[in-house]
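Enquirer:
In the numbering used here, the protein residues as written are 7 to 287.
1) Expressed to the nearest angstrom, what Euclidean distance is found between the alpha-carbon atoms of residue 218 and residue 212?
2) Closest by CA to residue 104, which one among 90, 67, 124, 130?
3) Tell me the rounded alpha-carbon separation between residue 95 and residue 132.
4) Can you pull the DSSP bridge partners for residue 9?
5) How about the region 112-131 and the region 77-93: do they share at least three Cβ pairs that are nearer than 8 Å?
6) Grouping DSSP H, G and I as helix and E and B as strand, with all else coil, what is residue 18?
7) If residue 52 and residue 19 are in contact, beta carbons under 8 Å, what's the gap, nearest whole angstrom?
8) Comparing alpha-carbon positions, which option in 45, 97, 189, 73 lies nearest residue 61?
9) Would you list the one or two residues that DSSP bridges to residue 113?
10) Can you find the residues in the same chain that come closer than 8 Å, C-beta to C-beta, to residue 69, ignoring five residues on each side of it along the sequence?
11) Alpha carbon to alpha carbon, how far is residue 89 from residue 157? Give it in angstroms, no decimals.
12) Could you tell me which of 193, 208, 196 sits nearest to residue 171, measuring between CA atoms?
13) What three-state label does DSSP hand residue 158 in the structure shown?
14) Closest by CA to residue 39, which one among 250, 49, 28?
15) So what does DSSP say about residue 225, is it helix, strand or coil?
16) What is the DSSP secondary structure of residue 288, reduced to helix, strand or coil?
17) Grab me the residues of residue 204's own chain with a C-beta within less than 7 Å of its C-beta, minus the 5 sequence neighbours each way, in chain order.
18) According to the Cβ coordinates, are residue 84 and residue 149 closer than 8 Å?
19) Since residue 41 and residue 56 should fall inside the 8 Å C-beta cutoff, what is the C-beta to C-beta distance between them, to a whole number of angstroms?
20) What is the C-beta distance between residue 47 and residue 34, in whole angstroms, given that I count them as a contact (C-beta under 8 Å)?
21) CB residue 287 to CB residue 244, shorter than 8 Å?
22) Checking the sheet assignment: what are the DSSP bridge partners for residue 64?
23) Compute the distance between the beta-carbons of residue 136 and residue 118, then report whether it is under 8 Å.
24) I'd like the span of the alpha helix (DSSP H) that includes residue 76, first residue to last.
25) Mind checking residue 187: buried by the 16 CB within 10 Å criterion, or exposed?
26) If I measure Cβ to Cβ from residue 107 and keep anything under 6 Å in the same chain, skipping five residues before and after, which residues do I get?
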């Protein structure tokens, strides 16, 4: 028998590949019971450093000169942090589908272990613990740039449980308030965005915009991502006129954040980066 695995996301591909390729002697985080006797290949190589999977059909796209790589080569001290559910997003994905760090001396990565329970049962997740560590990092003065991911809106949104989502968002809002205060005290800048919506749209809608209802008359829960525009917020309490804050560039997407953040840090991004949201004076 043979298996060809394909998936848009590399993190899940790496996990399932281990189940097929890891030798019987290797201890995994799950019980395979037996090593599958199949010819296994991936649609593409999901980890170019570790060469996983061993066999693949198509070379992966080469992603280089990411913001993290650019900043570390400039000597910027970085921290990346999230809980387990989104740890790969602030490390592996953020670095262009690359495992490991660009510079061991300049980068620190922190993974806060996620609770192993259904998200609707503990909807606040680890937003408080993440914030605790980020505030500690801010006060240490050790880092020039910190990136973090709160998984609440996505992971709890997928449950479709409205009250759990409300609880989750209220908990995260409290932590954002704590984070904002710490950034103000440190004289930093807060950039806030999302890569997609979820908790913002909790019910399925018909083409006319009306809420769909089940046979019992109750609204049908929406458990997938929404297609609504996401916010892009820059909070700069120490603003001194370095850029025009009355007219941010519009019509841009999440790919414009790297150039924007570099501008806010006082750097000029590479010319082929997507346009910054701000115009330096």
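Glycine included, every Cβ here is placed at the ideal spot set by N, Cα and C.
Expert: A quick look at the data gives this:
1) Position 212 of the chain shown, counted from the first residue, corresponds to residue 218. Position 206 of the chain shown, counted from the first residue, corresponds to residue 212. Distance between the alpha carbons of residue 218 and residue 212: 6 Å.
2) As a first step, residue 104 must be located in the chain shown, where it is residue number 98. Residue 104 has its Cα closest to that of 67, out of 90, 67, 124, 130.
3) Reading the chain shown from its first residue, position 89 is the one you call residue 95. Reading the chain shown from its first residue, position 126 is the one you call residue 132. Going by the C-alpha atoms only, they are around 16 Å apart.
4) Along the chain shown, one-based indexing puts residue 9 at 3. Its beta-bridge partners are 46.
5) yes
6) Your numbering for residue 18 matches position 12 in the chain shown. Helix.
7) As a first step, residue 52 must be located in the chain shown, where it is residue number 46. As a first step, residue 19 must be located in the chain shown, where it is residue number 13. Between residue 19 and residue 52 the Cβ distance is about 4 Å, and since that is below 8 Å, they are a contact.
8) Sequence index remark: in the chain shown, residue 61 carries index 55 (1-based). Residue 45 is the option with its Cα nearest to residue 61.
9) The residue labelled residue 113 in the question sits at position 107 within the chain shown. Paired residues: 84.
10) Walking along the chain shown from the start, residue 69 turns up at place 63. Excluding sequence neighbours, residue 69 sits near 102, 103, 104.
11) Residue 157 sits at position 151 when you count from the first residue of the chain shown. Residue 89 sits at position 83 when you count from the first residue of the chain shown. If you take the alpha carbons of residue 157 and residue 89, they lie about 8 Å apart.
12) On the chain shown, position 165 is the one that residue 171 refers to. Ranking 193, 208, 196 by Cα distance to residue 171 puts 208 first.
13) Indexing the chain shown from 1 puts residue 158 at position 152. Residue 158: helix per DSSP, three-state reduction.
14) Here residue 39 is taken as the residue at index 33 of the chain shown, counted from 1. The option with the nearest alpha carbon to residue 39 is 28.
15) Position 219 of the chain shown, counted from the first residue, corresponds to residue 225. DSSP places residue 225 in strand when its eight states are reduced to three.
16) Since the first residue of the chain shown is 7 and the last is 287, residue 288 is not available in this structure.
17) Taking the first residue of the chain shown as 1, we reach residue 204 at position 198. Excluding sequence neighbours, residue 204 sits near 159, 160, 163, 164, 231, 232.
18) In the chain shown, the residue the question calls residue 84 occupies position 78. In the chain shown, the residue the question calls residue 149 occupies position 143. Yes.
19) On the chain shown, position 35 is the one that residue 41 refers to. On the chain shown, position 50 is the one that residue 56 refers to. With 8 Å as the limit, residue 41 and residue 56 do not qualify as a contact, their Cβ atoms being about 19 Å apart.
20) Residue numbering aside, residue 47 sits at position 41 when the chain shown is read from its first letter. Residue numbering aside, residue 34 sits at position 28 when the chain shown is read from its first letter. Rounded, the Cβ-Cβ distance is 20 Å, inconsistent with contact.
21) As a position in the chain shown, residue 287 is number 281, starting the count at 1. As a position in the chain shown, residue 244 is number 238, starting the count at 1. Result no, Cβ atoms of residue 287 and residue 244 do not sit closer than 8 Å.
22) For the purposes of this step, residue 64 is taken as the residue at position 58 of the chain shown. Partner(s): 50.
23) On the chain shown, residue 136 is found 130 positions in, with the first residue counted as 1. On the chain shown, residue 118 is found 112 positions in, with the first residue counted as 1. Contact flag set, yes.
24) Taking the chain shown and counting its residues from 1, the one referred to as residue 76 is at position 70. Where residue 76 is concerned, the enclosing alpha helix (DSSP H) stretches over 73-79.
25) Taking the first residue of the chain shown as position 1, residue 187 is located at position 181. Per the 10 Å Cβ criterion, exposed.
26) Reading the chain shown from its first residue, position 101 is the one you call residue 107. Taken in chain order, the residues that qualify are 113.
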